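Sequential numbering of the sequence shown, starting at 344, is according to the working numbering. All C-beta atoms, glycine included, are put in the ideal place defined by N, C-alpha and C. Note that the coordinates shown come from a computational prediction; the quantities given were computed from them, not determined experimentally.
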Amino acid sequence: QSGLVLVPEGRQIFISMTVEENLLMGAYSRKNADVTNEIEMIFKRFPNLKERRNMPAAVLSGGEQQMLAVSRALLAKPTIMMLDEPSLGLSPILVKQLFELIKEINTEGLSILLVEQNTHMALQYADRGYVLELGNIVASGTPANLLADKKLAKAYLGGS
344 QSGLVLVPEG
354 RQIFISMTVE
364 ENLLMGAYSR
374 KNADVTNEIE
384 MIFKRFPNLK
394 ERRNMPAAVL
404 SGGEQQMLAV
414 SRALLAKPTI
424 MMLDEPSLGL
434 SPILVKQLFE
444 LIKEINTEGL
454 SILLVEQNTH
464 MALQYADRGY
474 VLELGNIVAS
484 GTPANLLADK
494 KLAKAYLGGS
């Protein structure tokens, strides 16, 4: 297990490689027998990726590229997954699907550290939130407590 894995802002997939090759990059340090089964599980979760498994990742939509980036990270078998602005550039429908996937992964036992400017969506799925200003924590708490603080919500969370 790698322990910690990052899904960077902008997805950072290998666009000239196939979908399957991208997935294999996530598991480069693992034994192939385990990886083959897990890739098939990913294809069950994301049938669109299976349909495009032999195509260059460049042909995927933004949402499919994000699902590929998350799937590639999962194949590293981390204990903590960090996601940097995963909703960037996605449609509202895809953002909701992505956050549901993140919550599902978390429910399966993977710890998630999420950096996200879409605070309302992130707080709907988070167990705990931290508000940063210039790299310093200015507030922390449960999503309900953070959103209930009117001054905090107005200053940092886009509230009124």
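- Counting only runs of at least 3 residues, the segment 353-436 fully encloses the following beta strand (DSSP E) elements, listed from N- to C-terminal order: 421-427.
- In the three-state scheme derived from DSSP, where H, G and I count as helix and E and B as strand, Asn479 is classed as strand.
- Annotation: Leu466 is outside any beta strand (DSSP E); the continuous alpha helix (DSSP H) that includes it extends over Thr462 to Tyr468.
- Just measuring C-alpha positions, the residue of Tyr371, Met368 and Ser414 sitting nearest Pro390 is Ser414.
- Around the CB of Val402, fewer than 16 other CB atoms lie within 10 Å, so the residue is classed as exposed.
- Leu457 carries a strand assignment under DSSP once its states are collapsed to helix, strand and coil.
- The C-beta separation of Val438 from Leu392 comes to about 18 Å, leaving the pair out of contact by the 8 Å criterion.
- When the Cα atoms are used, Ala412 and Tyr473 turn out to be separated by approximately 24 Å.
- The segment 427-446 and the segment 477-487 do not touch, with fewer than three beta-carbon pairs separated by less than 8 Å.
- Between Asp427 and Val348 the beta-carbon gap is near 12 Å, outside 8 Å, which marks them as no contact.
- One Cα belongs to Glu364, the other to Ala465, and the distance between them is close to 30 Å.
- Taking a C-beta distance under 9 Å as the contact criterion, Pro435 and Gln409 do not qualify as a contact pair.
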